[in-house]
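Reading through the structure tokens given below for one structure.
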Amino acid sequence: MSANSVNRRRILSLWLPRLPIDRIKRKLAQDIASQAEAREVDEPSSEVSTLAGLSSPLRGRVGERGTTNAGVCGLPLSLALPRKGGGNPSADASLTKSKELPSVVVAKDHNAILLHAVDEAAMRAGLSIGLPLANARAICPELTVYDADPAADLKTLNDIADWCDRFTPLVALDPPYGLFLDITGCAHLFGGERALLQIVINALNRRGFAVSAAISGTSIAARTLTRTASGRIVADGEEAAAVSPLPVSALGADAAVTTGLRRAGLKTIGDVASRAPHEISARFGAAFTTLLGHALGQGDAPISPRKPLPDYIVEKRFPEPVATDTVIALTLSSLAKMLVAAMDKQGKGARQLEASFFRTDGAVRAIMVETGRPVTRPEMIDRLFRERLDALNDPLDPGFGFDLIRLAAGRTEIVVQQQRDLDATIHDNDELSALIDRIAARIGGKRVVVHLPLESHIPERSALALPAQHHLAGAGAAAWPERVAGEPPLRPLRLFERPEPIKVPFATVPDGPPHQFTWRRAQHDVVRVEGPERIAMEWWKQDGASLTRDYFRVEDAEGQRFWIFRDGLYESELRDEEGKPVPANWYVHGLFA
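Numbering (my numbering), first residue to last: 366 to 958.
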């Protein structure tokens, strides 16, 4: 193999043909195991040895929608556990019986209920995807039927994709039940492509999923192989020879195209490839010709990874799972040092950091922190993650332990060298930025904000609240309107997010202030008034429904000062359907110090 071919892309394609039914069976097995464990506490003599080997879900609770012929607790009749003291059959017997009965998932398509997914027993009974449910029941009366749940299927596929992140950060979805893994340059870490392929297949099989996998130089060729030839590894340049014997249905084209090819006598991909490209394009379209070319290795369509590739990645794999907080903290500290050393070679610092914890049962937990300035010290990274982990509502559960911990810098910036020894301002800014980062790591970055002036005369739109981590420098250089010396402030110190309504029994018309008002069940007698200050709404941003406001600075008998306004102009804007003037609505918008 040439040096140029070594650098070519290598794609691992995964296809889970029975994902909907495998997901449901996995959830049922988990529920049965949980119920059996609960019964074992009450009845220690219960036999649950068969359930002890069942693996736990890949990540959290996998949703399941019940069954068409449901038994108790939403379980199918064949899997319903007997009540306490019921005797026979046992949970093991019901589970064994369920494995012998065909199971299918159905979905409604154009007012017809069709089979959406079938298990191995249903396939042996002669059932296939797309068959009407009535026909399926006629063929196999003892059929367990479940409703399709596309949202739960997609969640499960994303959970499997999270698990696949341990092999490569470039994982893309291939809907509805497939994944693409770009393993270029990383297969040797797992013993080569053949070993990596077997690791993935065996791990998913142990978790109850039927999977087909193949590796090729193009994603389309690899996906085509998974439909009929699982386990194949195709060398660069040999895609055409590998896919030519396969049926045209393996390309995954539209059913109309596949049917048209068969009617034309083109049953295999090689038969189609033997025809001139312009003949195929004229009959079946340019899109199919492009798909065929990619399957034959003539170019390839780019894949879209679920997550952007981080700028820097460091990770630690453990021969034995770790679960103690001390080991996890020490691992994060060592990874932080490795990450900083890698970034320092190019003069960069991290602005966004993500720590990923891969559990042995397949669950993945990711913790992310952001910083206001590029971080170049490992102790700062360590402290930010300690703050973040201590503030988690859902603590980091190691389960049976983590076998991989990864630290990635998702966004980095070039570090600008500054004179920090003699400049006190720079030193103070660094301390403020570090404080904001720690608070944001504990309570969330969106809750620590700064306000920037906005070009608008509408009070509630004259300032913009933005995350302090990203706009601290802009807030320091912002130019706010200066207060006139010797004059009272024109705007209150505290402005309500939404103006609060007040009751005004009477006011001087057409544009006079009220003599008293009631706010929050308390009556205030007005003794001093300044105004009005008329503010018209921005007509170019409104639909004509907003009214002109007259603002007043008022002081009550107890010395409290309020900023109130009348919404709408008397007579000109406030009229009923008959054209008669109506009373205005009054609001308090802020409080002066």
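Every residue, glycine too, gets a C-beta built ideally from N, C-alpha and C.
For Pro870, no beta strand (DSSP E) run applies, since DSSP gives it neither H nor E.
For Glu778, no alpha helix (DSSP H) run applies; the uninterrupted beta strand (DSSP E) run containing it begins and ends at 767-779, by DSSP.
Less than 8 angstroms separates the beta-carbon of Leu772 from that of Leu700. In this structure, Pro743 places its C-beta atom within 8 angstroms of the C-beta atom of Ser698. At a Cβ-Cβ threshold of 8 angstroms, His659 and Ile585 count as neighbours. Collapsing the DSSP output to three states places Ile668 in coil. DSSP places Arg751 inside the alpha helix (DSSP H), whose first and last residues are 743-755.
Between the region 833-846 and the region 752-770 there are fewer than three inter-stretch CB-CB distances shorter than 8 angstroms, so the stretches are not counted as touching. The beta-carbon distance between Ile525 and Leu544, rounded to whole angstroms, is 7 angstroms. This is short enough to meet the 8 angstroms contact definition. Contact check for Leu817 and Leu800: beta-carbon distance about 20 angstroms, past the 8 angstroms limit, so the pair fails to qualify. When the beta-carbon positions are compared, Ile645 and Leu657 come within less than 8 angstroms of each other.
Taken through DSSP and simplified to helix, strand or coil, Val705 comes out as helix. If you draw a 10 Å sphere on the C-beta of Gly809, you find fewer than 16 other C-beta atoms in it, and that means exposed. Between Ile867 and Trp951, the CB-CB gap stays under 8 angstroms.
For Arg502, the enclosing alpha helix (DSSP H) begins and ends at 498-504. Between Gly573 and Arg724 a beta carbon distance of about 17 angstroms is seen, past the 8 angstroms cut, so the two are scored as non-contacting.
Look at Glu735 here: in three-state DSSP terms it is strand. Secondary structure note for Thr593: its alpha helix (DSSP H) is the uninterrupted segment 584-593. Rounded to whole angstroms, the separation of the alpha carbons of Thr633 and Pro612 is 4 angstroms. Non-local beta-carbon contacts of Trp884 in its own chain, meaning distances under 6 angstroms to residues more than five positions away in sequence, involve Ile867, Val953 in chain order. Residue pairing by DSSP leaves Val613 without any beta bridge partner.
Pairing Leu535 with Leu674 gives a Cβ-Cβ distance under 8 angstroms.
Under DSSP, Ile598 takes part in a beta bridge, and its partners are Ile580. With a cutoff of 8 angstroms on beta-carbon distance, Val869 and Phe882 are scored as near each other. Taking all protein chains shown into account, Thr509 has 16 or more neighbouring C-beta atoms within 10 Å of its C-beta and is therefore buried.
With respect to the C-alpha of Ser639, the residue from Tyr935, Met745, Pro610 having the closest C-alpha is Pro610.
When the five nearest sequence neighbours on each side are left out, the beta carbons in the same chain lying within less than 6 angstroms of the beta carbon of Arg931 are those of Asp915, Ala949, Trp951, in order along the chain.
Less than 8 angstroms separates the beta-carbon of Thr777 from that of Met708. Counting along the chain, the unbroken alpha helix (DSSP H) around Phe653 starts and ends at 651-660. The straight-line gap separating the alpha-carbon atoms of Thr624 and Ser493 is approximately 18 angstroms. With respect to the 8 angstroms criterion, Gly596 and Ala578 are classified as neighbours on the basis of their beta carbons. One thing to note: Ala720 has its Cβ within 8 angstroms of the Cβ of Phe750. Residue pairing by DSSP places Asn950 opposite Asp932 in a beta bridge.
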